[in-house]
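Student:
There are 2 protein chains.
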Amino acid sequence: MAAQAVGRRGPARRSWLMRVRAFGGGIIRSSPSRFAILVFATLVLLTTALLSLPLARAGTGTGGTPLYDAFFTAVSTICVTGLTTVDMATHWSPFGNAVIFIGMNIGGMGVLTLASILGFVISRRLGLRAKLIAASDTNPSRAHAGPVSERQAIRLGEVGGLLATVAVSTLAIEAVIMVGMIPSVLAKGYDFGTSLWYSAYYAVSAFTNTGFNPNPEGPVEFFDDYWFQSLMMIAVFLGSLGFPVIFALLRTWSSPRRWSVHVKLTITTTVALWFAGAITFLVLEYDNPRTYGSFGFGKTLYEAFFMSTMTRSGGFATIDMADMYGSSLLVTDMLMFVGGGSASTAGGIKVTTLAVLFLAAYAEARGKPAMEAFGRRIPRDMLRLAVSVVLWGATIVAVSTVIITQITKSPLDFVLFDVISAFATCGLSTGLTESLPPEGKYVMALTMFMGRVGTVTLAAAFAATQKRQLFKRPEERPIVG
Amino acid sequence: MAAQAVGRRGPARRSWLMRVRAFGGGIIRSSPSRFAILVFATLVLLTTALLSLPLARAGTGTGGTPLYDAFFTAVSTICVTGLTTVDMATHWSPFGNAVIFIGMNIGGMGVLTLASILGFVISRRLGLRAKLIAASDTNPSRAHAGPVSERQAIRLGEVGGLLATVAVSTLAIEAVIMVGMIPSVLAKGYDFGTSLWYSAYYAVSAFTNTGFNPNPEGPVEFFDDYWFQSLMMIAVFLGSLGFPVIFALLRTWSSPRRWSVHVKLTITTTVALWFAGAITFLVLEYDNPRTYGSFGFGKTLYEAFFMSTMTRSGGFATIDMADMYGSSLLVTDMLMFVGGGSASTAGGIKVTTLAVLFLAAYAEARGKPAMEAFGRRIPRDMLRLAVSVVLWGATIVAVSTVIITQITKSPLDFVLFDVISAFATCGLSTGLTESLPPEGKYVMALTMFMGRVGTVTLAAAFAATQKRQLFKRPEERPIVG
Ligand SMILES: [K+]
Ligand SMILES: [K+]
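The listed protein sequences correspond, in order, to chains S and H. Be aware that the first sequence starts at 68, since it is given in the working numbering, and climbs by one per residue. Be aware that the second sequence starts at 68, since it is given in the working numbering, and climbs by one per residue.
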């Protein structure tokens with residue numbers, strides 16, 4: 068009878084599926100950014116529904132999670148933000164944890180998947196992202212024969228291959244990190260099953276730049292374990308560089324001269340921000356008795372670099388953000404706002420966006436007609452795109468901060484920090500987010516969603532509009548946003 | 068014997084003067100921005116010296132003003148910022164007040180003078196500011212025959228004429244405002260001499276966008292006097308538009324179609340920000356018992372518009388800034404950061420800079436090859452200049468805020484407010500500035516100086532570097548910075 072029912076519903080379901088597919092195909096072609104928003108919104112709603120189930124909550128007779136907390140956690144998971152309004156280590160049942168674990172991976176890979184699909188669609192008109200993924204490959208003819216040509220845009224078959232590569236690489240990197248972490252977790256006295264679970268969770272949470280903790284204490288439990296903390300830093304760092312850069316590093320790590328401008332710009336800016344952040348934290352927090360004040364110089368230096376790495380958008384913390392001086396909070400705000408690399412799981416306006424702004428100011432100051440980096444001319448329209456991304460980010464942060472401040476009357480130090488952390492999907496928190504009233508949680512969830520979806524689709528949608536170019540010196544486009 | 072001494076020193080002094088003049092001429096030609104910094108620094112040091120004299124301080128036997136307060140007041144006066152670390156109404160003697168009164172006028176006119184000189188020097192290479200001042204004139208051939216040509220750059224003789232016009236216009240507008248204010252001050256029971264002095268001081272302080280008060284209570288004393296407050300608003304509003312716009316309004320007020328893009332952009336953006344600010348203050352502060360909570364709707368609306376006007380960079384206040392909600396403080400921060408019109412006595416990144424950023428984002432979103440406004444194409448290099456100005460401003464504000472926060476450990480709400488107020492030479496204060504330790508006062512003074520001199524010279528210095536242009540549609544350059 069069950070088979071009969073399925074049989075009877077079969078054709079109707081198939082035609083419904085076909086209609087959805089036709090609708091999907093139509094919307095991808097007509098408006099790639101609307102398609103991206105649709106995909107993300109669907110994932111969020113699905114995750115919200117699953118997390119609202121009483122089954123997803125730990126303990127019995129609790130009647131499930133309130134909608135605002137389920138929705139917030141769903142957005143935070145799919146957007147790999149890592150902000151929380153419930154205790155992630157104790158609130159969820161094994162089923163809830165499985166939803167979140169899969170959600171982080173889908174969210175993390177989803178960003179690049181989406182970027183690739185958008186890039187493919189747009190490549191018919193002159194694809195920015197698809198080309199950039201192509202540009203991460205070191206094709207000598209491309210490097211010397213002028214701008215990336217239409218022929219180098221990725222074909223339909225290539226998108227499938229690319230996605231498979233991304234998925235396999237993601238899982239492979241996460242597996243290596245996980246295996247490395249197991250001894251550290253075992254050393255804390257956990258049994259093998261728990262150690263496996265914690266290591267897998269931390270590896271995924273770090274590489275996708277989410278920042279959720281499976282254990283009640285969080286990374287603080289591994290405060291004395293430099294091996295574990297270093298693995299976290301490496302995972303977050305790699306994840307925040309973005310796949311175009313990771314692939315370039317994997318294939319041509321030994322010949323940096325053959326890297327594309329995008330790879331060079333991303334790495335240079337990331338490393339510069341990494342050092343600048345660490346040194347600033349060192350100077351500002353050195354004598355703060357509630358943070359680094361009691362540490363020796365070596366430990367302070369290490370934790371300053373750990374902290375600086377996590378602002379990229381890892382979101383793990385070994386000190387309480389609310390204990391930092393206001394000056395360090397503000398520096399963290401700025402680092403989080405910039406975020407990580409383009410087409411990565413990190414958020415923010417992206418390091419290349421910042422680089423393009425500074426290249427423009429430098430070219431202006433030196434009176435040069437064009438922005439230049441690493442012997443290449445950066446097309447002028449990149450600046451317009453960079454400005455659009457920054458304006459988008461600044462507007463979201465400003466509006467959200469004003470609303471949250473007005474609702475809670477909390478100090479700006481904390482509100483700005485948590486709002487920028489949400490926009491840039493970083494996940495560090497002063498503790499304000501979990502104490503917000505339901506309407507505040509919805510505003511924060513919206514901020515996370517717009518921060519994550521906005522910059523990805525902005526870059527892709529805007530790329531579609533760039534038709535005219537000036538060819539003078541060999542040109543290359545770094546990804547912006 | 069005195070005559071003999073003078074006679075003997077005469078030739079030496081003349082050759083010294085000539086050497087200075089030759090040096091000055093050299094530096095103007097070789098580096099206009101260094102010249103601007105030199106002029107402002109000299110004015111500040113001179114004013115500091117005069118204000119440090121015991122003669123400048125009210126009362127006897129006080130031994131003069133501490134150096135940090137004299138320096139701070141000098142910078143605040145010459146940069147027409149209006150931030151104070153002493154009570155302006157009671158601290159200074161008549162001599163001190165005279166120094167400040169003259170300083171405000173020199174500072175206010177100095178900005179435009181400097182802009183004009185820089186513009187003249189640069190016009191040999193393709194002057195941005197000089198041309199824009201020329202562009203404020205409605206020359207029909209200019210409006211229809213393409214971009215402003217080299218021939219339209221202002222000649223040496225014209226600079227003198229321009230400066231005379233500026234000085235006469237400034238004094239004329241200030242005189243009209245002053246005469247209008249006298250009845251209001253008399254109505255408060257002051258004698259005629261005091262009323263004359265207060266009116267003159269307020270007129271100059273308002274039109275130059277300084278924001279100093281001569282009376283102990285400040286503008287609050289005229290809280291029930293809509294006539295007086297309206298005069299202040301008009302003076303601040305006119306001053307913040309800038310002379311290119313004022314001249315265009317004076318000559319062609321009846322035919323807005325003939326206004327240049329710069330005039331149209333400045334007025335449109337200023338009015339848009341004016342309304343946006345007022346409505347936001349209305350919504351956010353309507354129920355705040357310490358600010359607008361006790362007012363009726365009409366009074367609240369009026370004071371919201373007054374407040375919005377003063378963020379341009381007037382700096383007068385009828386409510387205590389520290390009583391506002393954090394949300395309103397943040398909105399004020401943003402409005403102050405934008406500031407007023409280019410080549411005006413207002414500070415900030417300037418309204419046209421903001422407009423260019425949004426025009427770029429709009430063109431990007433619509434897929435248009437060029438920024439357009441009012442039927443004109445905005446040259447692409449304007450965007451680079453706008454980005455440079457914003458980066459300069461954001462960097463100063465960020466560094467200064469981090470330092471002041473680290474020194475004082477004060478809440479970010481107040482530190483950011485006072486630092487942006489200093490950078491944008493606005494002068495509104497939460498009270499933090501006057502409570503700063505001496506090193507904090509020096510940081511704030513430096514912030515005011517760099518905010519004032521920076522944007523003016525950046526625009527001029529950068530203008531020198533713009534040599535290449537694309538001619539497609541008739542082009543016009545709004546002033547940026
Ligand atoms: K995160
Ligand atoms: K002012």
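Think of the CB as a built atom: it goes at the ideal place given N, C-alpha and C, for glycine as much as any other residue.
Assess, as a yes-or-no matter, whether the stretch 475 to 493 of chain H is touched by the stretch 379 to 399 of chain H under the definition of 3 or more beta carbon pairs within less than 8 Å.
Tutor: Short answer: they touch.
Student: For residue 469 (chain S), go through chain H and note every residue whose CB falls closer than 7 Å to its CB, in chain order.
Tutor: Those are 394, 397 and 398, listed as they occur along chain H.
Student: Does the beta-carbon of residue 276 (chain H), which I'm using as the reference point, lie nearer than 7 Å to any heavy atom of ligand 2?
Tutor: Residue 276 (chain H): yes, Cβ under 7 Å from ligand 2.
Student: Could you tell me whether any non-hydrogen atom of ligand 2 is closer than 7 Å to the CB of residue 360 (chain H)?
Tutor: Checking every heavy atom of ligand 2 against the Cβ of residue 360 (chain H), none is found closer than 7 Å.
Student: Pick helix, strand or coil for residue 299 (chain H), following the three-state DSSP scheme.
Tutor: In this structure, residue 299 (chain H) counts as helix in the three-state DSSP scheme.
Student: Check whether the Cβ atoms of residue 317 (chain S) and residue 244 (chain S) sit closer than 8 Å, and answer yes or no.
Tutor: No; because the gap between Cβ atoms is not below 8 Å, this pair is not in contact.
Student: Taking DSSP as the reference, what is the three-state secondary structure of residue 501 (chain S)?
Tutor: The answer is helix: DSSP assigns residue 501 (chain S) an H, G or I state.
Student: Give the secondary structure of residue 448 (chain H) by DSSP, where H, G and I count as helix, E and B as strand, and everything else as coil.
Tutor: Residue 448 (chain H) falls in the helix class under three-state DSSP.
Student: At 7 Å on the CB atoms, spell out the chain S contacts of residue 480 (chain H), in chain order.
Tutor: Ordered by position in chain S, the residues that pass the 7 Å Cβ test against residue 480 (chain H) are 478 and 479.
Student: Where residue 202 (chain H) and residue 432 (chain H) are concerned, what is the direct C-alpha to C-alpha distance, given to the nearest angstrom?
Tutor: Below a pLDDT of 50, predicted positions are generally treated as unreliable, and residue 202 (chain H), at 41, falls in that range; no measurement from the model is reported.
Student: Return the CA-CA distance between residue 443 (chain H) and residue 333 (chain H), expressed in angstroms with no decimal places.
Tutor: Whole-angstrom Cα-Cα distance: 15 Å.
Student: For a contact meaning CB atoms closer than 8 Å, what does residue 472 (chain S) contact in chain H?
Tutor: In chain order: 392, 393, 394 and 397.
Student: Between residue 401 (chain H) and chain S, is the shortest Cβ-Cβ distance under 8 Å, so that the two count as touching?
Tutor: Closer than 8 Å: yes.
Student: Identify the residues that DSSP records as bridge partners of residue 440 (chain H): which are they?
Tutor: In DSSP, residue 440 (chain H) forms a bridge with H:443.
Student: Please compile the residues from chain H whose C-beta is within a distance smaller than 9 Å of the C-beta of residue 447 (chain S).
Tutor: Ordered by position in chain H, the residues that pass the 9 Å Cβ test against residue 447 (chain S) are 447, 448, 450 and 451.
Student: Less than 7 Å separating the Cβ of residue 147 (chain H) from some heavy atom of ligand 2?
Tutor: Yes, Cβ of residue 147 (chain H) sits closer than 7 Å to a heavy atom of ligand 2.
Student: With distances taken Cα to Cα, identify the nearest neighbour of residue 429 (chain H) among S:453, S:415 and S:412.
Tutor: When only C-alpha atoms are compared, the closest one is S:453.
Student: Whose C-beta lies closer than 6 Å to the C-beta of residue 337 (chain S) among residues of the same chain, with five residues either side of it excluded?
Tutor: Here the set comprises 418.
Student: Quick one: does residue 241 (chain H) have its CB under 8 Å from some CB of chain S?
Tutor: Output row for residue 241 (chain H): interface = no.
Student: Under the assumption that residue 296 (chain S) contacts residue 373 (chain S) (Cβ atoms under 8 Å), give the Cβ distance between them as a whole number of angstroms.
Tutor: Their Cβ separation, rounded to whole angstroms, is 6 Å, which keeps residue 296 (chain S) and residue 373 (chain S) in contact under 8 Å.
Student: Can you name, in chain order, every residue of its own chain whose Cβ lies under 6 Å from the Cβ of residue 424 (chain S), other than the five neighbours on each side?
Tutor: 453.
Student: Quick one: does the C-beta of residue 375 (chain S) sit closer than 7 Å to a heavy atom of ligand 1?
Tutor: No, ligand 1 has no heavy atom inside 7 Å of this Cβ.
Student: Flag this pair as yes or no: are the beta carbons of residue 288 (chain H) and residue 270 (chain H) separated by less than 8 Å?
Tutor: No, the pair does not count as a contact, with Cβ atoms beyond the cut-off.
Student: If we count Cβ pairs, one from each stretch, closer than 8 Å, do we get three or more for the stretch 143 to 159 of chain H versus the stretch 503 to 521 of chain H?
Tutor: At 8 Å Cβ cutoff, the stretches touch.
Student: Please state the DSSP three-state secondary structure of residue 459 (chain S).
Tutor: DSSP places residue 459 (chain S) in helix when its eight states are reduced to three.
Student: If residue 484 (chain H) and residue 388 (chain H) are in contact, beta carbons under 8 Å, what's the gap, nearest whole angstrom?
Tutor: Correct: roughly 7 Å between the Cβ atoms.
Student: What does residue 519 (chain H) pair with, by DSSP beta-bridge criteria?
Tutor: In DSSP, residue 519 (chain H) forms no bridge with anything.
Student: If you measure from the CB of residue 285 (chain H), is any heavy atom of ligand 2 nearer than 7 Å?
Tutor: It does not: the Cβ of residue 285 (chain H) is nowhere closer than 7 Å to a heavy atom of ligand 2.
Student: Would residue 328 (chain S) and residue 440 (chain S) qualify as a contact pair, given that the criterion is a beta-carbon distance under 8 Å?
Tutor: Yes; because the gap between Cβ atoms is below 8 Å, this pair is in contact.
Student: Just the Cα atoms here: how many angstroms apart are residue 125 (chain H) and residue 456 (chain H)?
Tutor: When rounded, the distance between both Cα atoms is 40 Å.
Student: For residue 392 (chain S), which residues from the same chain have a beta carbon less than 7 Å from its beta carbon, with the 5 sequence-adjacent residues on both sides left out?
Tutor: Correct list, in chain order: 351, 352 and 355.
Student: Please report the straight-line C-alpha distance between residue 253 (chain S) and residue 497 (chain H), rounded to a whole angstrom.
Tutor: Rounded to the nearest angstrom, the two C-alpha atoms are 54 Å apart.
Student: Taking contact to mean 3 or more Cβ pairs, one atom from each stretch, closer than 8 Å, check whether the stretch 260 to 269 of chain S and the stretch 474 to 481 of chain S are in contact.
Tutor: As far as the Cβ criterion goes, the stretch 260 to 269 of chain S does not touch the stretch 474 to 481 of chain S, which means the pair count is below three.
Student: Leaving out the 5 sequence neighbours to the left and right, which residues in its chain are closer than 7 Å to residue 120 (chain S) when beta-carbon positions are compared?
Tutor: Around residue 120 (chain S): 131.
Student: When the distance is taken between beta carbons, is residue 123 (chain S) closer than 8 Å to residue 168 (chain S)?
Tutor: The answer is no: Cβ separation not under 8 Å.
Student: Please look up how many angstroms separate the CB atoms of residue 309 (chain H) and residue 398 (chain H), rounded, as I've assumed it's under 8 Å.
Tutor: 24 Å between Cβ atoms; not a contact.
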